[in-house]
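Under our numbering, the very last position in the sequence shown is 681; numbers go up by exactly one each time. Data block below; observations after.
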Amino acid sequence: MDDDRTLYIAAHNGPALSSMVPLEYGTDRPPIVIDNVQHYEGDLLLNFDALENAFDHAFIHLGIDTDTVEHPIFMTERLASPLHSRALTSELLFEAYSAPSVAYGIDSLMSLYHNTGTPNQALMDSLVVSFNTSSTSVIPVCGGRALLGHARRIPYGGSQASELLLKLAQVKYPSFPAKVTKEQCTTILHKLCEVAPDYNEKLRELADPEKMQEADRIVQFPYVAPNETEKTEEELARQAEKKREAGRRLQEMATQKRLEKLAQKEKDLEDLQALREWKFKEKKSDFMYRLRMEGLDGEEMLESTIKKLDNDIKKARKKDAGELEEEPQEEPVFPLLDVPDADLDEDEIKEKRRQKLLKAGYEARLKARKEKEAARREKEEEERRELEERTSDPVGWASKLKEDHELLVDKLKLREKRKAALADRKSTANMNRMKSIANLASDEPATKKRKKGGNSDMFGANDEDWAIYRKINIAVESSDEEDDLQQLAVIESKLLQHDPDFTPAHTYASLKHQKSALLSAYRPSYDQAELDPNPGTTTRSRDIEGAHRLHLNVERWRVPEVWFQPGTAGIDAAGLGEVMASLLPHTRCGRVFITGAPALTRGMRERVETCIRPLLDPDMPVTALQAKDPELDAWRGMSQFASTEEFKTAVITKAEYEEWGGERIRRWWGGNWNNAF
Numbered sequence: 005m006d007d008d009r010t011l012y013i014a015a016h017n018g019p020a021l022s023s024m025v026p027l028e029y030g031t032d033r034p035p036i037v038i039d040n041v042q043h044y045e046g047d048l049l050l051n052f053d054a055l056e057n058a059f060d061h062a063f064i065h066l067g068i069d070t071d072t073v074e075h076p077i078f079m080t081e082r083l084a085s086p087l088h089s090r091a092l093t094s095e096l097l098f099e100a101y102s103a104p105s106v107a108y109g110i111d112s113l114m115s116l117y118h119n120t121g122t123p124n125q126a127l128m129d130s131l132v133v134s135f136n137t138s139s140t141s142v143i144p145v146c147g148g149r150a151l152l153g154h155a156r157r158i159p160y161g162g163s164q165a166s167e168l169l170l171k172l173a174q175v176k177y178p179s180f181p182a183k184v185t186k187e188q189c190t191t192i193l194h195k196l197c198e199v200a201p202d203y204n205e206k207l208r209e210l211a212d213p214e215k216m217q218e219a220d221r222i223v224q225f226p227y228v229a230p231n232e233t234e235k236t237e238e239e240l241a242r243q244a245e246k247k248r249e250a251g252r253r254l255q256e257m258a259t260q261k262r263l264e265k266l267a268q269k270e271k272d273l274e275d276l277q278a279l280r281e282w283k284f285k286e287k288k289s290d291f292m293y294r295l296r297m298e299g300l301d302g303e304e305m306l307e308s309t310i311k312k313l314d315n316d317i318k319k320a321r322k323k324d325a326g327e328l329e330e331e332p333q334e335e336p337v338f339p340l341l342d343v344p345d346a347d348l349d350e351d352e353i354k355e356k357r358r359q360k361l362l363k364a365g366y367e368a369r370l371k372a373r374k375e376k377e378a379a380r381r382e383k384e385e386e387e388r389r390e391l392e393e394r395t396s397d398p399v400g401w402a403s404k405l406k407e408d409h410e411l412l413v414d415k416l417k418l419r420e421k422r423k424a425a426l427a428d429r430k431s432t433a434n435m436n437r438m439k440s441i442a443n444l445a446s447d448e449p450a451t452k453k454r455k456k457g458g459n460s461d462m463f464g465a466n467d468e469d470w471a472i473y474r475k476i477n478i479a480v481e482s483s484d485e486e487d488d489l490q491q492l493a494v495i496e497s498k499l500l501q502h503d504p505d506f507t508p509a510h511t512y513a514s515l516k517h518q519k520s521a522l523l524s525a526y527r528p529s530y531d532q533a534e535l536d537p538n539p540g541t542t543t544r545s546r547d548i549e550g551a552h553r554l555h556l557n558v559e560r561w562r563v564p565e566v567w568f569q570p571g572t573a574g575i576d577a578a579g580l581g582e583v584m585a586s587l588l589p590h591t592r593c594g595r596v597f598i599t600g601a602p603a604l605t606r607g608m609r610e611r612v613e614t615c616i617r618p619l620l621d622p623d624m625p626v627t628a629l630q631a632k633d634p635e636l637d638a639w640r641g642m643s644q645f646a647s648t649e650e651f652k653t654a655v656i657t658k659a660e661y662e663e664w665g666g667e668r669i670r671r672w673w674g675g676n677w678n679n680a681f
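Following this line, the structure appears as structure tokens:
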């Protein structure tokens with residue numbers, strides 16, 4: 005396995021959940037409860053009870069063990085945050101924690117502030133692209149100020165990208181044995197996904213199965229290998245002895261059952277022979293009554309039953325004695341066939357008719373036996389000639405069989421194609437079939453060829469006329485297909501036995517179920533794959549390992565492409581390139597600053613440059629700057645700004661909160677403008 009192309013998902017073995025802890029955060033929180041607590045719906049703060057628990061967790065880890073928080077608080081809020089969310093957050097901080105002051109900022113501007121340079125330097129003119137959790141915002145910055153009135157927001161962020169990747173994996177692997185979580189998809193997104201410079205060109209490239217295999221990445225989920233221990237020679241010997249003993253017991257049971265049947269037949273034969281003796285001891289009418297009471301119609305049935313039982317008993321005894329060859333039976337004699345009917349009475353005439361039927365049956369069996377013997381000799385002669393041909397020219401013999409095999413396979417494929425066409429009511433084949441049925445049912449001549457002969461119906465004079473019934477009868481093809489499959493099986497068995505170049509992969513069954521090369525590269529199958537070169541690994545272990553794998557290829561580029569083509573994910577919004585094109589005139593420069601965790605996706609910076617290059621003058625430089633740490637630079641910028649004197653001008657104090665309410669904030673360069681003073 006190529007470890008460079010494989011991402012291993014570790015199994016979580018954290019502490020058991022306690023019912024005494026309602027919520028957990030940070031490193032103390034096991035991943036199994038992540039979906040149970042939702043602070044946000046999208047990027048809107050809704051669950052303020054959970055937010056209070058989050059604040060408690062943060063303040064405790066910061067070492068604040070007092071009843072109130074005596075430090076200024078600086079936190080971020082979404083672009084154009086709803087006033088209701090801001091008011092409840094301010095109420096929670098001022099009322100529950102008695103914070104002296106609170107400031108709200110926009111995370112992307114704080115990341116830009118940290119990457120600008122000196123603390124007192126104004127924000128550099130640029131187009132700020134912020135990849136947030138539930139959205140992507142684009143803010144133009146000109147003259148050191150953020151033009152929030154021209155900011156744009158795309159409703160697609162890292163959370164939606166993880167959800168899309170999860171849905172694609174679920175569609176691709178509907179029966180995946182392990183549970184794939186959204187958090188695991190987030191890890192996969194950050195480690196394996198890329199942004200293509202030209203997505204359509206990338207799709208055309210991946211249409212090549214070899215390129216698809218090169219682009220494939222494996223996500224190996226944890227699994228439990230089956231406990232299969234190798235048996236010792238003594239255990240194998242004991243197991244073989246048990247099988248032999250079971251076989252001997254079965255043979256003894258079969259022999260006992262056969263002897264019981266033989267004894268029953270001998271008893272029945274003795275009873276019938278004793279019954280036959282009554283013919284000479286009583287009247288004929290009484291004897292016939294006795295036969296009917298035993299379920300026999302007459303003397304002929306009695307004699308035939310006795311003869312059959314006698315033959316069966318002799319065969320069974322010979323088989324037990326090892327004499328398998330049958331003795332030639334004497335030719336039956338039919339004495340009444342040569343006697344004229346005038347010389348026979350009524351009973352003898354009936355017997356003569358019966359002998360005629362017996363003779364006809366005997367001759368038919370004799371003829372069938374001769375034909376069977378002739379067919380056997382012909383088959384032996386054919387096998388002898390084939391053996392000579394295979395011995396003298398093995399290559400030519402194999403080539404001839406392969407040609408026959410190819411012809412039969414093509415014939416079967418053509419028949420399958422016609423079946424599929426007939427299943428379509430509007431197909432040409434089905435319409436022609438219906439026309440033929442209509443022509444047969446029509447009283448009037450349907451074709452010019454039939455009109456040349458007048459109104460006389462000469463159907464059947466030409467043998468080709470009967471082919472019309474094969475054309476309209478689908479059942480005929482089924483019987484022909486069975487014959488072709490039998491012939492194909494014989495050819496394949498010979499080639500598999502004598503031609504080393506012909507493998508099970510070349511058989512019709514394998515070819516019929518074989519996936520296309522592109523589909524196999526898109527989603528490899530591990531039914532017969534050799535996953536582990538270690539010869540001690542069992543086939544079952546390899547199958548389980550393969551069943552716990554996700555193969556990602558097209559998805560690696562499809563998910564990040566939604567930022568530039570939201571319509572591919574069903575989002576009715578403009579892409580990032582279109583949004584930047586509408587905002588570039590406000591910045592008067594060719595600089596783009598990207599921040600947020602998805603900015604770390606390979607190829608994102610280059611794709612952004614590719615999008616804005618055609619929109620600017622040829623002599624204008626184009627630069628796409630990525631934050632030094634797109635994930636944490638917003639926090640670093642907030643920490644950096646909070647240590648300056650300017651921070652005091654951005655906060656709202658508790659007295660101002662009590663006077664104006666929690667919806668009001670101060671207007672400053674790094675915060676929202678809605679309801680600011």
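Every residue, glycine too, gets a C-beta built ideally from N, C-alpha and C. All figures in this text were calculated on a predicted structure; none of them were measured in a lab.
Return the chain-ordered list of same chain residues with a C-beta closer than 6 Å to the C-beta of residue i, the five sequence neighbours on each side being excluded.
i       : result
Arg-33  : Residue confidence is low: Arg-33 scores 48 on pLDDT, short of 50, so the model does not pin down where it sits. Its coordinate-derived value is still stated next. There are no such residues.
Arg-553 : Ile-222 and Gln-224
His-88  : none
Ala-91  : Gly-666 and Glu-667
Asp-505 : none
Thr-236 : none
Gly-594 : Leu-620, Met-624, Pro-625 and Val-626
Phe-78  : Ala-107, Met-642 and Ala-646
Glu-95  : Gly-666
Less than 8 Å between C-beta atoms, sequence neighbours within five positions excluded: which residues of the same chain meet that for residue i?
i       : result
Lys-283 : Phe-291 and Glu-303
Met-584 : Leu-131, Val-133, Val-142, Val-596, Val-612, Cys-615, Ile-616 and Leu-619
Glu-610 : Val-199, Pro-201 and Ala-628
Gln-490 : none
Leu-580 : Val-133, Thr-140, Val-142, Ile-158, Trp-567, Phe-568, Val-612 and Cys-615
Pro-508 : Leu-500 and Ser-514
Thr-591 : Asp-129, Ser-130, Leu-131, Pro-144, Val-145 and Cys-146
Could you tell me which residues DSSP pairs with residue i in its beta bridges?
i       : result
Pro-144 : Leu-131
Tyr-108 : Met-79
Tyr-12  : Gln-224
Phe-597 : Val-132 and Leu-629
Ile-669 : Ala-680
To the nearest angstrom, how far is the alpha carbon of residue i from that of residue j?
i       : j       : result
Tyr-227 : Val-175 : 21 Å
Leu-66  : Gly-109 : 21 Å
Pro-589 : Leu-116 : 20 Å
Glu-327 : Glu-270 : Residue placement at Glu-327 cannot be trusted, given a pLDDT of 49 that sits under 50; the coordinates are not used to answer.
Gln-532 : Lys-498 : Confidence at Gln-532 is low in this model, with a pLDDT of 43, below 50, so its placement is unreliable and the value that follows should be read with caution. Distance between the alpha carbons of Gln-532 and Lys-498 is about 24 Å.
Ser-308 : Asp-488 : 43 Å
Gly-251 : Glu-238 : 20 Å
Lys-288 : Leu-263 : 36 Å
Asp-212 : Thr-395 : 43 Å
Leu-370 : Asp-414 : 41 Å
Ala-54  : Gly-46  : 15 Å
Glu-234 : Glu-245 : 18 Å
Leu-306 : Leu-279 : 9 Å
Thr-259 : Lys-323 : 11 Å
Cys-197 : Ala-173 : 13 Å
Output yes or no for whether 8 Å exceeds the beta carbon distance between residue i and residue j.
i       : j       : result
Leu-341 : Lys-318 : no
Ala-229 : Ile-575 : no
Pro-86  : Ala-577 : no
Ala-320 : Leu-266 : yes
Ala-84  : Asn-676 : yes
Is residue i near the ligand MG - that is, is its Cβ less than 7 Å away from at least one heavy atom of it?
i       : result
Phe-506 : For the structure depicted, the ligand MG is absent and the ligand set is empty, with no information on it obtainable.
Between which residues of its own chain and residue i is the CB-CB distance below 7 Å, once the five residues before and five after are set aside?
i       : result
Val-587 : Note that residue 587 corresponds to Leu in the displayed sequence, not to Val. Answer for Leu-587: Leu-131, Val-142, Pro-144, His-154 and Arg-156, listed in chain order.
Leu-193 : Ala-165, Ser-166, Leu-169 and Val-563
Thr-511 : Glu-496
Are the stretch 210-229 and the stretch 507-527 in contact at 8 Å, needing three or more beta carbon pairs?
Cβ pair count under 8 Å is three or more, so yes.
Would the stretch 67-75 and the stretch 632-641 be scored as touching if the rule is three or more Cβ pairs under 8 Å?
no
Meets three-Cβ-pair contact criterion under 8 Å: the stretch 93-113 and the stretch 550-563:
no
Can you find at least 3 beta carbon pairs, one from the stretch 158-168 and one from the stretch 181-193, that sit closer than 8 Å?
The stretch 158-168 vs the stretch 181-193: in contact.
Three or more C-beta pairs under 8 Å: does that hold for the stretch 50-65 against the stretch 641-648?
Touching, no.
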